[in-house]
Amino acid sequence: MKVFWDERQRAHAPAFFMLRGALLTNFEVEARADALLAACRGAGLGIHAPPDPAPMNAVREVHAQDYLDFLRDGHAAWAAIPGAGPEIVPNSHPAPEMLEDGGRVPPHIMGQAGWYTYDTSAPIGAGTWEAAVASAACAVAAADEAAAGRHAYALCRPPGHHAYPRRAAAHCLINNAAVAAERLRAGGAARVGVLDIDVHHGNGTQHIFWRRDDVRTVSVHGDPAACYPWFVGHAGERGAEAGAGWNLNLPLARGTGDEGWLRAVRTGLRALEGCDALVVSLGLDAHRDEPLGFLGVGDDGFARAGEAVRGLGLPCAVVQEGGYNTEAIGGLLGRFLGGLVG
Ligand SMILES: [Zn+2]
Numbered sequence: 004m005k006v007f008w009d010e011r012q013r014a015h016a017p018a019f020f021m022l023r024g025a026l027l028t029n030f031e032v033e034a035r036a037d038a039l040l041a042a043c044r045g046a047g048l049g050i051h052a053p054p055d056p057a058p059m060n061a062v063r064e065v066h067a068q069d070y071l072d073f074l075r076d077g078h079a080a081w082a083a084i085p086g087a088g089p090e091i092v093p094n095s096h097p098a099p100e101m102l103e104d105g106g107r108v109p110p111h112i113m114g115q116a117g118w119y120t121y122d123t124s125a126p127i128g129a130g131t132w133e134a135a136v137a138s139a140a141c142a143v144a145a146a147d148e149a150a151a152g153r154h155a156y157a158l159c160r161p162p163g164h165h166a167y168p169r170r171a172a173a174h175c176l177i178n179n180a181a182v183a184a185e186r187l188r189a190g191g192a193a194r195v196g197v198l199d200i201d202v203h204h205g206n207g208t209q210h211i212f213w214r215r216d217d218v219r220t221v222s223v224h225g226d227p228a229a230c231y232p233w234f235v236g237h238a239g240e241r242g243a244e245a246g247a248g249w250n251l252n253l254p255l256a257r258g259t260g261d262e263g264w265l266r267a268v269r270t271g272l273r274a275l276e277g278c279d280a281l282v283v284s285l286g287l288d289a290h291r292d293e294p295l296g297f298l299g300v301g302d303d304g305f306a307r308a309g310e311a312v313r314g315l316g317l318p319c320a321v322v323q324e325g326g327y328n329t330e331a332i333g334g335l336l337g338r339f340l341g342g343l344v345g
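Reading the sequence shown from the start, the letters are residues 4 to 345 in the working numbering.
Take a look at the structure:
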């Protein structure tokens with residue numbers, strides 16, 4: 004199994020992070036990548052650079068061009084504002100009522116920052132665009148491996164599953180899992196399944212494929228009644244139009260452990276039977292020692308989740324999402340991938 008990682012992903016070094024009204028150091032740090040790389044090397048897996056330049060057509064299948072332009076050019080405009088901080092951090096988002104009344108994207112970078120994000124947790128620095136594109140390229144490379152019938156792991160940092168076609172949030176800028184799913188579709192898979200096991204609902208991925216029956220989306224996550232992203236992720240959200248019935252959310256109560264989590268993972272996998280290829284949004288933050296945690300999954304749970312995915316018998320592009328305990332995530336990745344390859 005190939006692992007994809009690009010050293011340019013280190014160019015993203017977000018600092019700002021606000022939690023419960025307290026300013027903290029951002030959890031989405033380079034050390035996460037180092038822990039995951041060490042685990043891959045320890046498992047004897049080869050680390051490969053993704054295609055360069057990144058296949059941007061796959062990214063444009065998911066994201067609007069005006070949003071990509073903002074990600075690429077926004078920081079330079081931000082840096083030119085007198086008194087600006089080192090990163091784009093919005094503090095004003097359009098309310099749904101403003102949008103109803105004709106609200107539109109303004110020419111000023113401060114307004115654009117609020118328009119193209121929906122929280123303050125995806126700060127954009129000087130190196131963010133370069134890193135996000137390299138991260139997406141890893142997802143494309145893993146999808147190409149899966150299209151050829153082989154499992155692969157994309158070490159995506161920054162992660163992606165909270166990103167919408169036109170909006171960043173929660174550490175996510177480009178939706179790498181959606182990019183991988185689109186790449187698999189373009190590579191000939193008639194139906195692609197996405198299984199998201201990050202502790203946080205994969206709301207961006209849900210939305211991107213909401214009206215489609217060619218990409219089936221499943222998310223196993225902490226109940227949004229008490230967990231980010233708060234507003235969506237409920238069991239009743241099943242998709243619309245052609246996609247009606249093809250999104251499945253499996254929200255779990257705080258503290259759910261291995262058995263309850265694995266039951267939901269298996270339920271999700273059954274809903275993906277009949278697909279031709281699988282993308283796994285692999286968050287490692289369902290673990291009990293996760294600093295942003297909500298569930299109580301143990302180390303062994305991740306090995307058993309990998310085994311359950313193997314049981315589906317589909318080539319699998321594993322895309323890294325969250326997981327912020329740098330002491331734990333390497334071991335958890337090793338266990339998941341070990342279960343996947345058997
Ligand atoms: Zn997460």
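The beta carbon of each residue, even a glycine, is placed where N, CA and C say it ideally should be.
All of these numbers come straight from a predicted model, not from anything done at the bench.
According to DSSP, which residues form a beta bridge with residue i?
i	result
isoleucine 50	Val6
glutamine 323	Leu285
valine 344	Bridge partners of valine 344: none, in fact.
alanine 83	Answer is none; alanine 83 lacks a bridge partner.
threonine 220	Val197, Asn250
alanine 280	Val195
tyrosine 167	Arg170
alanine 157	Phe7, Val322
methionine 21	Leu26
leucine 255	Gly225
histidine 290	Val300
isoleucine 127	Ile91
Just mark residue i as buried or exposed, buried being the case when its beta carbon has 16 or more other beta carbons within 10 Å.
i	result
leucine 198	buried
tryptophan 233	exposed
threonine 259	buried
serine 95	exposed
threonine 270	exposed
glutamate 324	buried
aspartate 72	exposed
glutamine 209	buried
glutamate 100	exposed
leucine 317	buried
glutamate 103	exposed
threonine 28	exposed
isoleucine 332	buried
asparagine 179	buried
leucine 251	buried
aspartate 3	The chain is shown only over 4 to 345; residue 3 falls outside these bounds and no answer can be derived.
glycine 326	buried
histidine 203	buried
Quick one: measure Cβ to Cβ for residue i and residue j, integer angstroms, because I've assumed they're closer than 8 Å.
i	j	result
alanine 137	arginine 11	4 Å
leucine 295	phenylalanine 30	7 Å
alanine 320	alanine 149	4 Å
alanine 38	threonine 120	Wrong, their Cβ atoms sit about 27 Å apart, outside the cutoff.
alanine 3	leucine 255	Since the first residue of the chain shown is 4 and the last is 345, residue 3 is not available in this structure.
alanine 34	threonine 329	5 Å
valine 282	valine 195	7 Å
phenylalanine 19	glutamate 133	Actually they are not in contact, since the Cβ atoms of phenylalanine 19 and glutamate 133 sit about 19 Å apart, beyond 8 Å.
leucine 340	glycine 304	The pair is not a contact, with the Cβ atoms about 14 Å apart (cut-off 8 Å).
aspartate 302	glycine 334	6 Å
alanine 229	arginine 257	6 Å
histidine 3	glycine 128	Past the edges of the chain, shown from 4 to 345, lies residue 3, and the structure says nothing about it.
isoleucine 200	alanine 98	With a Cβ gap of about 32 Å, isoleucine 200 and alanine 98 do not count as contacting.
Under the criterion of a Cβ to heavy atom distance below 7 Å, does residue i qualify as lining ligand 1?
i	result
glycine 304	no
valine 202	yes
aspartate 288	yes
glycine 325	yes
Classify residue i as helix, strand or coil using the three-state DSSP reduction.
i	result
isoleucine 91	strand
tyrosine 119	coil
threonine 28	strand
valine 268	helix
alanine 57	coil
isoleucine 332	helix
cysteine 175	strand
valine 62	helix
glycine 207	helix
tyrosine 231	coil
phenylalanine 305	helix
glycine 114	helix
valine 143	helix
alanine 67	coil
alanine 16	coil
phenylalanine 339	helix
glutamate 240	coil
proline 99	helix
valine 202	coil
glycine 105	coil
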